[in-house]
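In our numbering, the protein residues as written are 328 to 1082.
All C-beta atoms in this analysis are idealised placements derived from N, C-alpha and C, irrespective of residue type, glycine included.
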Ligand code: GLN
Ligand code: ZN
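What follows is the structure, encoded as structure tokens:
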């Protein structure tokens, strides 16, 4: 028999029940008992789905009130001392204070979970960190699942990944020095699980997909030898990339099984199968836990059949990674047509796919003939559908020349032409695009979307808003105004809704962090731009002022990165298609008289592959896509880009190679430190390092911004320095926005006077 399982299931709920319960609890609208009831209900439902689908195990331990890494810290008792909490009596309220901060302490830091859009809370370690006396939620949930009649496979984050992802709070602390204590804690946990009668434990070590330093690899041997023989079988789970480089190490470890991601890295299989230890289980992750496509089940069976012949009972079939990264249930989508729906599978549907593969392996293809036929038909229609394949788009991409991906002349010559007509003062001032999105703006947009507000009235409301924003910017004296983005709900959705090849779901929510969810668009087909998307708004805004209005677009890499991307062609090709669509918009803006155009790429860095060895290739195609989007215009037209984060050092050459005339970046929170890297690298084009943090309503005084401008002038010559906030202002209110910008302009005037 073949064992079927998934590495984890989304906990947020098909209707985001957990989100609403959490927020209700935080606001005091429901009490802890009511919150707990929602949690048990969701677990019960998700376990039942796994069992009813035909899986052999249900995953337990994937549920978390906020985050699975914080849960691991709580289970281990490894809480930051600064909160003063006793880990053995940690209450739910205290758990949320760790996640969200309290009056005395800021929350744990949050950061991206590998290359996903999920954010975990970073455990804090210092020399006094103890790993004992944690919460017993996991053991409770195991009993809970048992009492509902399930065969239980607990899921744990492994000791080395936990340690690697944690942050040493004490300078110079060697995290690996904590390993002995940490191993002892895991031994205690495994012993307890054994006493509970658990047979298999899935222990996740996703860091094996990274390029690990030698001492960390060596630590795997120490750790897993020490975790052997504790009465449970360990399935070590890897995902998100190949672990072929660590095949020899994995083979040496005393493990009962290893899980590999054959969706992201199918090619690793051959290397891993060489000298596969006798008796060891291979869990083949063949159902994509990162995307929403229905699997081509015949193709999956072709991968699995030889494995089954070779491994027999020792073959497990599963999702590539936890299904946490997919929406919950496709059944709810009543707005998608049958053809498109037939191409998709959300988490619940993926359970069925895993189970179907198991049945096919055990009973033969005939036993699942109906399902296979449906899957074959969907795969065939994806290969040929006219909705997906637009020959004109393919031809355009194929016809791209190197010249299409660069401006006619180098920056220095372009800058001269731009200066000649822009006639901006030194240290020109601008903003990043959005202005406060008031309740009235949101209400108007929502009413228009529901069809309750007629088009003409909606246009008038948005135009009134644009007029207001332009007037305010004129009064403040901003040199390069923007229209304010009132018409945009979201910087990717706004464009996706107007591009061909995109679809939108009603309930396709995926947890981003805590109670926060995102609903990424689905790029299902060739992308093109039927009609201009932003031109009328920008043209109207320009008609209100003699200053150069800055057009505002989202870049191809960011649109790609924040969507579910088709899996039937390389990401880079999809990105180029989007780039061409944006290029059309850039050219149309220029024709309409908008000759300063910003193409936002806040997600550029996010696209970096997990292994450094793969970075160059990504930076090459992502940079090219950006340049394709930006290079259809005359040299006198000024292209801006914007990225709102502060880690650039390692990719500066690639950022420079994007060749935007102006880049605006976030720097105020790092006290301009980031800029030193730009300075010593001698970033060749113009830069606008943010001089104030837009994430809080705080209005920084003139002197503070003046000091930051002076710091920036130390590394960037005045001719190439712009003055702007760190990021868009849409989440701010008007009073603090106006006050902060007024101070920013005062600081700029003082800085100019001192030049
Ligand atoms: N133009 C966008 C805005 O101002 C940029 C947002 C972003 O960088 N995330 O809102
Ligand atoms: Zn930003």
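### Task
Within the same chain, show all residues whose beta-carbon is closer than 6 Å to that of residue 488, passing over the 5 residues directly before and after it, in chain order.
Reading the chain shown from its first residue, position 161 is the one you call residue 488. Closer than 6 Å at the Cβ level, and outside the excluded window around residue 488, lie 532, 533 and 534.
### Query
residue 566 to residue 613, Cα distance in whole Å?
On the chain shown, position 239 is the one that residue 566 refers to. On the chain shown, position 286 is the one that residue 613 refers to. Each residue's Cα considered, the two are about 11 Å apart.
### Any residue whose CB is nearer than 7 Å to a heavy atom belonging to the ligand GLN, listed in chain order
Look at which beta carbons fall closer than 7 Å to any heavy atom of the ligand GLN; those residues are 759, 760, 761, 812, 818, 879, 925, 927, 929, 969, 971, 1054, 1055, 1056 and 1057.
### Task
Mind checking which residues open and close the alpha helix (DSSP H) that includes residue 718?
Residue numbering aside, residue 718 sits at position 391 when the chain shown is read from its first letter. First-last of the alpha helix (DSSP H) with residue 718: 718 to 725.
### Task
Starting from the N-terminal side, write out each stretch of the beta strand (DSSP E) that is 3 residues or longer and does not extend beyond the stretch 919 to 987.
923 to 927 and 965 to 970
### Query
The alpha helix (DSSP H) with residue 396 in it runs from where to where?
Here the question's residue 396 lines up with position 69 in the chain shown. It spans 395 to 403 - the alpha helix (DSSP H) in which residue 396 sits, taken as one unbroken run.
### Task
Measure the C-alpha to C-alpha separation of residue 289 and residue 635 and round it to an integer number of angstroms.
Missing from the structure shown is residue 289; the chain here goes from 328 to 1082 and no further.
#### Entry: Close Cβ partners of residue 390 (< 6 Å) along its chain, the five nearest in sequence each way excluded
For the purposes of this step, residue 390 is identified with residue 63 of the chain shown, where counting begins at 1. Excluding residues up to 5 positions away in sequence, 338 and 370 lie with their Cβ nearer than 6 Å to the Cβ of residue 390 in the same chain.
### Buried/exposed call for residue 740, threshold 16 Cβ in 10 Å
The count along the chain shown starts at 1 and reaches residue 740 at position 413. Answer is exposed; the Cβ neighbour count stays below 16.
### Message
Does residue 445 come out as helix, strand or coil in the three-state DSSP assignment?
### Response
Within the chain shown, numbered from 1, the residue matching residue 445 stands at position 118. Three-state result, residue 445: coil.
### Query
Going by Cα to Cα distance, which pick from 418, 341 and 401 is closest to residue 360?
Start at 1 with the first residue of the chain shown, and residue 360 comes out as number 33. Among 418, 341 and 401, the Cα nearest to that of residue 360 is on 418.
### Query
In the DSSP assignment, what residue or residues form a beta bridge with residue 437?
Here residue 437 refers to the residue found at position 110 of the chain shown. BP columns for residue 437 point to 448.
### Task
Please confirm whether residue 852 and residue 828 have their CB atoms less than 8 Å apart.
If you number the chain shown from 1, residue 852 lands on position 525. If you number the chain shown from 1, residue 828 lands on position 501. Yes, they are a contact pair.
### Query
How long is the line joining the alpha carbons of residue 989 and residue 1034, rounded to whole angstroms?
Here residue 989 refers to the residue found at position 662 of the chain shown. Here residue 1034 refers to the residue found at position 707 of the chain shown. Each residue's Cα considered, the two are about 22 Å apart.
### Query
Taking just the CA atoms, how far does residue 750 sit from residue 355?
Along the chain shown, read from residue 1 onward, the residue named residue 355 stands at position 28. Along the chain shown, read from residue 1 onward, the residue named residue 750 stands at position 423. Rounded to the nearest whole angstrom, the C-alpha separation of residue 355 and residue 750 is 56 Å.
### Query
Leaving out the 5 sequence neighbours to the left and right, which residues in its chain are closer than 7 Å to residue 723 when beta-carbon positions are compared?
Walking along the chain shown from the start, residue 723 turns up at place 396. Result list for residue 723: 907, in chain order.
### Query
By Cβ distance below 6 Å, which residues in the same chain neighbour residue 666 in space, the five residues on each side in sequence not counted?
Counting from one through the chain shown, the residue named residue 666 turns up at place 339. Cβ within range, chain order: n/a, list empty.
### Task
Have a look at residue 809 and residue 758 and give me their C-alpha separation to the nearest angstrom.
Locating residue 809 in the chain shown gives position 482, counting from the first residue. Locating residue 758 in the chain shown gives position 431, counting from the first residue. Cα to Cα, the separation comes out at about 7 Å.
### Query
Starting from residue 507 and walking both ways along the alpha helix (DSSP H), at which residues does that stretch end?
By one-based count along the chain shown, residue 507 stands at place 180. Where residue 507 is concerned, the enclosing alpha helix (DSSP H) stretches over 506 to 522.
#### Entry: Cβ distance (whole Å) where residue 999 is taken to contact residue 954 below 8 Å
In the chain shown, the residue the question calls residue 999 occupies position 672. In the chain shown, the residue the question calls residue 954 occupies position 627. Wrong, their Cβ atoms sit about 28 Å apart, outside the cutoff.
### Query
Among residues of its own chain, excluding the 5 on either side of residue 895, which ones have a beta-carbon nearer than 7 Å to its beta-carbon?
As a working mapping, residue 895 is identified with position 568 in the chain shown. 709.
#### Entry: Boundaries of the alpha helix (DSSP H) in which residue 658 is found, first to last residue
Residue numbering aside, residue 658 sits at position 331 when the chain shown is read from its first letter. Run containing residue 658: none; DSSP gives neither H nor E here.
### Query
Quick one: what's got a C-beta closer than 8 Å to residue 548's C-beta in the same chain, skipping five residues either side?
Counting from 1 along the chain shown, the entry for residue 548 is found at position 221. The answer, listed in chain order, is 576, 579 and 580.
### Query
Measuring CB to CB, does residue 909 end up less than 8 Å from residue 956?
Here residue 909 refers to the residue found at position 582 when the chain shown is read from its first residue. Here residue 956 refers to the residue found at position 629 when the chain shown is read from its first residue. Cβ atoms of residue 909 and residue 956: closer than 8 Å.
### Query
Under the three-state reduction of DSSP, which class applies to residue 1010: helix, strand or coil?
Along the chain shown, read from residue 1 onward, the residue named residue 1010 stands at position 683. Residue 1010 falls in the coil class under three-state DSSP.
#### Entry: Rounded Cβ spacing between residue 1086 and residue 335 (contact assumed at less than 8 Å)
Residue 1086 cannot be examined here, being either before or after the span of the chain that is shown, 328 to 1082.
### Query
Apart from the five residues on each side of it in sequence, which residues of its chain come closer than 7 Å, Cβ to Cβ, to residue 707?
Numbered from 1 along the chain shown, position 380 holds the residue referred to as residue 707. Within the same chain, residue 707 has no close Cβ partners at all.
### Query
Which two residues bound the contiguous alpha helix (DSSP H) that contains residue 1092?
Nothing about residue 1092 can be reported from this structure: the residues present for the chain run from 328 to 1082 only.
#### Entry: Cα-Cα separation, residue 963 to residue 752
By one-based count along the chain shown, residue 963 stands at place 636. By one-based count along the chain shown, residue 752 stands at place 425. Looking at the two C-alpha atoms, the distance is approximately 17 Å.
### Query
What first and last residue would you give for the beta strand (DSSP E) that runs through residue 882?
Stepping through the chain shown from its first residue, residue 882 is reached at position 555. Counting along the chain, residue 882 falls outside any beta strand (DSSP E), and DSSP gives it neither H nor E.
### Query
In the DSSP assignment, what are the bridge partners of residue 494?
For the purposes of this step, residue 494 is identified with residue 167 of the chain shown, where counting begins at 1. Looking at the DSSP output, residue 494 sits in a beta bridge with 451.
### Query
Considering only C-alpha positions, which residue in the set 1058, 1061, 1072 and 1079 is nearest to residue 1044?
Looking up residue 1044 in the chain shown gives position 717. Residue 1079 is the option with its Cα nearest to residue 1044.
### Query
Taking the alpha carbon of residue 631 as the point to measure from, which residue in 330, 516 and 874 has its own alpha carbon closest?
The count along the chain shown starts at 1 and reaches residue 631 at position 304. The shortest Cα separation from residue 631 among 330, 516 and 874 belongs to 330.
### Task
Alpha carbon to alpha carbon, how far is residue 620 from residue 609? Give it in angstroms, no decimals.
Start at 1 with the first residue of the chain shown, and residue 609 comes out as number 282. Start at 1 with the first residue of the chain shown, and residue 620 comes out as number 293. So the two alpha carbons sit approximately 24 Å from each other.
### Message
Do residue 760 and residue 705 have their beta-carbon atoms positioned less than 8 Å apart in this structure?
### Response
In the chain shown, counting from the first residue as 1, residue 705 sits at position 378. In the chain shown, counting from the first residue as 1, residue 760 sits at position 433. Taking 8 Å as the Cβ cut-off, residue 705 and residue 760 do not qualify as a contacting pair.
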